[in-house]
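Accompanying notes for the structure given below.
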Amino acid sequence: MESTRSLKDRIFLIIKGLAMGAANKVPGVSGGVVAFVAGFYEEFIYSLQRINKTAFKLLFNGRFKSFYRYINGKFLMLLFSGMIISYFSVSKILDYLIINYELYVWSTFFGMILGSIYYINKDFGDWNTKTILALIIGAAVGLSISFLDPATENDNLIFVFFCGIISVSGMTLPGFSGSFILILLGNYVLLLVDSVNALYDTLFDVASGNFEFIQNEVRIRLLKVLAVFTIGSVTGLVTFSHILNYILHHYKNITLATIVGFIIGSLGVVWPWKKTIYKIDTNGELILDSTGKQIIANYERYLPEFNTETYLAIAYIVLGILIVLSLEWYGERTRKIKS
Numbered sequence: 001m002e003s004t005r006s007l008k009d010r011i012f013l014i015i016k017g018l019a020m021g022a023a024n025k026v027p028g029v030s031g032g033v034v035a036f037v038a039g040f041y042e043e044f045i046y047s048l049q050r051i052n053k054t055a056f057k058l059l060f061n062g063r064f065k066s067f068y069r070y071i072n073g074k075f076l077m078l079l080f081s082g083m084i085i086s087y088f089s090v091s092k093i094l095d096y097l098i099i100n101y102e103l104y105v106w107s108t109f110f111g112m113i114l115g116s117i118y119y120i121n122k123d124f125g126d127w128n129t130k131t132i133l134a135l136i137i138g139a140a141v142g143l144s145i146s147f148l149d150p151a152t153e154n155d156n157l158i159f160v161f162f163c164g165i166i167s168v169s170g171m172t173l174p175g176f177s178g179s180f181i182l183i184l185l186g187n188y189v190l191l192l193v194d195s196v197n198a199l200y201d202t203l204f205d206v207a208s209g210n211f212e213f214i215q216n217e218v219r220i221r222l223l224k225v226l227a228v229f230t231i232g233s234v235t236g237l238v239t240f241s242h243i244l245n246y247i248l249h250h251y252k253n254i255t256l257a258t259i260v261g262f263i264i265g266s267l268g269v270v271w272p273w274k275k276t277i278y279k280i281d282t283n284g285e286l287i288l289d290s291t292g293k294q295i296i297a298n299y300e301r302y303l304p305e306f307n308t309e310t311y312l313a314i315a316y317i318v319l320g321i322l323i324v325l326s327l328e329w330y331g332e333r334t335r336k337i338k339s
């Protein structure tokens, strides 16, 4: 598989990892959609499910090259490299854009999801009673999740491990946003903002020879939380991949129909025209995170007024659709060249 992957393909795979990592961090957007539309979803699931007993036997016996080949290591390494880079670069830019240009960012994502629905449905020709029912159920679940109220923050390590398992759903289930699930669980800020910032600050301190953070109880707690969250995420990623590989192999059409439903349901989360509602505690005070920012609880959606801002937002929706169609065109062109 890797012998046929050119340098250009490898660079594009890193870029896809960047896009997947950025999408995973945005509430309501699923990194799995990026994998699905960019054409590497099945290889991604296949590679992850190769992390099994055989792989660990090869690893523990010191057969590292065989282990690397067995799990499609180069593919995973390039993809996850892009995701890691994204967490410390692209996602930071995305955070800035969401704060300053929220309507246009959500409009672009909305358009990309519309384009994704078209892309997946275009080549799916097995619509029957079962697949239509799966589509409806998937859409209903995806939509109902978007209207749930979030819980309060909880740094219990067992719960954090559970959050890690659940959060990777966005990577393995297109349309199912792991970061939005973390908001519902109350731990989005803790796990994807505070703990990541703590790691970034720690790496900077270590690089500059400053080890005073060892005495910082808050920093150490956040690093422990991040470590447990990461272990939970890896556990969930491997577990979900085995389950999904089996389901895709035995119930492919029903699974694809359900995924389309999830993606349709996620449109409610990324609806561009919405006002942010903030979490209120029992004393009527706004709950703040460690940086003093208000914690997002949910959104109040509304219909847009027809003005210049709305027309521009619609233009960004069209842009989002064109981005997905461009990815589709590139994927088909690449497949034709290889064949």
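Under UniProt numbering, read the sequence shown as residues 1 to 339, first letter to last.
Beta carbons are placed, not taken as given, at the ideal position from N, Cα and C, and that holds for glycine.
Small disclaimer: the values here were computed from a predicted structure and weren't measured.
Could you tell me the distance, in whole angstroms, from the CA atom of residue 40 to the CA atom of residue 72? Spanning the two alpha carbons is a distance of roughly 13 angstroms.
How many angstroms separate the CA atom of residue 260 from the CA atom of residue 129? Using only the alpha carbons, I get a separation of about 15 angstroms.
What does residue 300 pair with, by DSSP beta-bridge criteria? Bridge pairing for residue 300: 275 [DSSP].
Assumed close pair residue 22, residue 94 - CB separation to whole angstroms, cut-off 8 angstroms: Confirmed, about 5 angstroms.
Using the three-state DSSP reduction, which class does residue 114 fall into: helix, strand or coil? DSSP places residue 114 in helix when its eight states are reduced to three.
Here's the rule I'm using: 16 or more other beta-carbon atoms within 10 Å means buried, otherwise exposed. How should residue 308 be labelled? Exposed is the call here.
8 angstroms CB neighbourhood of residue 211 in its chain, flanking five on each side removed: Hits under 8 angstroms: 205.
So the alpha helix (DSSP H) residue 246 belongs to, where does it begin and stop? Here the alpha helix (DSSP H) through residue 246 covers 217–250.
CB-CB under 7 angstroms to residue 347, same chain, minus the five flanking residues each way: which ones, in chain order? As shown, the chain starts at 1 and ends at 339. That puts residue 347 outside it, with no answer to give.
How many angstroms separate the CA atom of residue 323 from the CA atom of residue 314? If you take the alpha carbons of residue 323 and residue 314, they lie about 14 angstroms apart.
To which residues of the same chain is residue 66 closer than 8 angstroms at the C-beta, ignoring the five residues directly before and after it? Here residue 66 has 58 as same chain residues with Cβ atoms under 8 angstroms from its own Cβ, once five neighbours each way along the sequence are excluded.
Is the stretch 222–236 touching the stretch 154–170 in the sense that three or more CB pairs, one from each, lie closer than 8 angstroms? Proximity of the stretch 154–170 to the stretch 222–236 meets the contact definition, three or more beta-carbon pairs being nearer than 8 angstroms.
Taking the alpha-carbon of residue 80 as reference, which of 223, 37, 14 has the nearest alpha-carbon? The residue with the shortest Cα to Cα distance from residue 80 is 14.
Three or more C-beta pairs under 8 angstroms: does that hold for the stretch 237–252 against the stretch 266–275? Flag = no, the stretch 237–252 and the stretch 266–275 do not touch.
Under 8 angstroms, do residue 134 and residue 257 count as touching if we go by C-beta distance? Yes, Cβ-Cβ distance for residue 134 and residue 257 is below 8 angstroms.
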